[in-house]
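Visitor: Take the sequence shown: its position 98, counted from the start at 1, is 98 in this note's numbering, and no numbers get skipped.
Starting off with a structure, shown below.
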Amino acid sequence: MIDQVILTVSAILLLAFGVERLGRATGFPSVIVLILIGLAGKPILATVGVELRGLDRAVNFIGALGLVLIVLEGALDIELRMNRLRATATAIVAAVAGFAVCVGAFAAVAWLALPLPPFEALTLAVPFAVISSAVAIPSSGFLPAKAREFVVYESSISDILGVLLFFSLINSNGSVGGVLMGLIGGGVLSLLLAALCAVGLAMILMRIDGHIRFIPLLAGLFGLYAAGKLMHLSPLIMVLLFGLALNNPYLIIRFRPFNHWLDETYETTLQQFKMLVLELTFAVRGFFFILLGYWTQVSDLASPQAWLAAVLILAVVYGSRAWMLRLARVEFASALTWLAPRGLITILLYVSAKEVLPVPDYLDGTVMLVVLASAAIVVIGRFRSVAVKAIESAGDE
């Protein structure tokens, strides 16, 4: 049994590596291929009498780890500069506006069509309104640095808003006051605790010595994330701030007590930490999306109702996004319009919603169709980006 587990884990990691390399070479989203491998693997394993059990918990657990690592990886690539404040604010406004429009539209449909009470309709709408940083950040590699920065901020803020609003609704007992208390109180408390914890963890990395440094640091980060989740806060803020503090240490050493905390080895240490996070993120993403494909029932994808709901969701997402990005005059709007994938966070929140809401079965298929289609649509953004670069190059000549 142990040998079979080792063989399975090794095969998944090697498959994920091959898919990742293929995706980089062809520009095709690796998420789709990983999910399809999981879908195809289920009947193949069944023919030899192998069945993976307990995937509900495994998908949730691996998904939570992946979410933390992906947001951290994105934040570790951002350099904060005064001349980028306006662009950062634009990304945050875009995330809030896009999230609000999608939640409102999806909640209205759920209220009228299912039908669900208003609070339950809002709760069900949130998972579909969130841009998944787990897919968006890795998929943004073809964009220029400024546009990638926009994607990191927008998708991370979208994740944070989604988690905060979702659990505020779940714990509100159906009252507006309960939701407001969860949003305002939870938001302020999340921000304060996140700032303290993020700075504390960053300072530990600056001062820690010895060969064993990164695993205890990541253990502390995951532990604080889990504690924040148990308190119904939004610990992704802490993950984002932690990554920003590490990659922009001047935010900390500008204060007198910490002026001499950095030494000449910090840059090397930071690069080593980034490589570890990159490797772990790759492994966790591969496991999550392959297991997600295995976990999916093919029959759910064949439902006409699932397709109709998926088409409606995608139309709202990309229609509203195109309008808002152009209204805000965001750079590279033609490419960014198509970079609004749903993925890991959508699955995690939807699974949580199913535990407390009377959700129709066909929505299981809708979720997977939206995840697959929105990942595929990223390819359009890649082609748009290539076209824009070609036009700019021709203009320069």
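By construction, the Cβ of each residue, glycine as well, lies at the ideal position given by its N, Cα and C atoms.
Determine the closest residue to K274 out of A113, F288, N247, I290, with distance taken between C-alpha atoms.
Guide: N247
Visitor: Mark D3 as exposed unless 16 or more other C-beta atoms lie within 10 angstroms of its C-beta, in which case mark it buried.
Guide: Exposed, since its Cβ has fewer than 16 Cβ neighbours within 10 Å.
Visitor: Taking only three categories from DSSP, how would you classify M324?
Guide: helix
Visitor: In three-state DSSP terms, what is R81?
Guide: The answer is coil: DSSP assigns R81 none of H, G, I, E or B.
Visitor: For the alpha helix (DSSP H) holding P138, just list the boundary residues, first then last.
Guide: 133-139
Visitor: Decide if E149 is buried, meaning its Cβ has at least 16 other Cβ atoms within 10 Å, or exposed.
Guide: That one is buried.
Visitor: Where do the N-terminal and C-terminal ends of the alpha helix (DSSP H) with L301 fall, by residue?
Guide: 298-301
Visitor: Work out the CA separation of Y294 and W338 for me, nearest whole Å.
Guide: 27 angstroms
Visitor: Alpha carbons only, please: which of A245, I347, L280 is nearest the one belonging to Y266?
Guide: A245
Visitor: Taking the Cβ atom as the reference point for each residue, do E51 and V277 lie within a distance shorter than 7 angstroms?
Guide: no
Visitor: Could you spell out where the alpha helix (DSSP H) holding E355 opens and where it closes?
Guide: 344-356
Visitor: Straight-line CA distance for D300 to V370?
Guide: 13 angstroms
Visitor: Would you kindly check if the distance between the Cβ of A147 and the Cβ of F383 is under 7 angstroms?
Guide: It is not a contact, given that the beta carbons lie outside the stated cut-off.
Visitor: Using a Cβ-based criterion (distance less than 6 angstroms to any ligand heavy atom), does L39 qualify as near the ligand ATP?
Guide: For the ligand ATP, the structure offers nothing, since it holds no ligand at all.
Visitor: Quick one: is Y250 buried, meaning 16 or more other Cβ sit within 10 Å of its Cβ, or exposed?
Guide: exposed
Visitor: Write down every uninterrupted run of the alpha helix (DSSP H) in the region 34-79 whose length is 4 residues or greater and which is fully enclosed by it, in chain order.
Guide: 55-75
Visitor: Going straight from the alpha carbon of V330 to that of T90, what length do you get?
Guide: 8 angstroms
Visitor: For F222, which option in A315, R256, V71, G104 has the closest C-alpha, if you only look at C-alpha atoms?
Guide: V71
Visitor: According to DSSP, is T265 part of a helix, a strand, or is it coil?
Guide: The answer is coil: DSSP assigns T265 none of H, G, I, E or B.
Visitor: Could you tell me if L112 is buried or exposed, where buried requires 16 or more neighbouring beta carbons within 10 angstroms of its beta carbon?
Guide: exposed
Visitor: When the cut-off is 7 angstroms and only beta carbons count, does P216 lie next to chain C?
Guide: Chain labels in this structure do not include chain C; a single protein chain is all it has.
Visitor: What is the rounded straight-line gap between the Cα of L76 and the Cα of T281?
Guide: 13 angstroms
Visitor: Going by beta carbon distance, what residues of the same chain come within less than 7 angstroms of T88, once the five residues before and after it are set aside?
Guide: Hits under 7 angstroms: Y153.
Visitor: Quick one: is V9 buried, meaning 16 or more other Cβ sit within 10 Å of its Cβ, or exposed?
Guide: exposed
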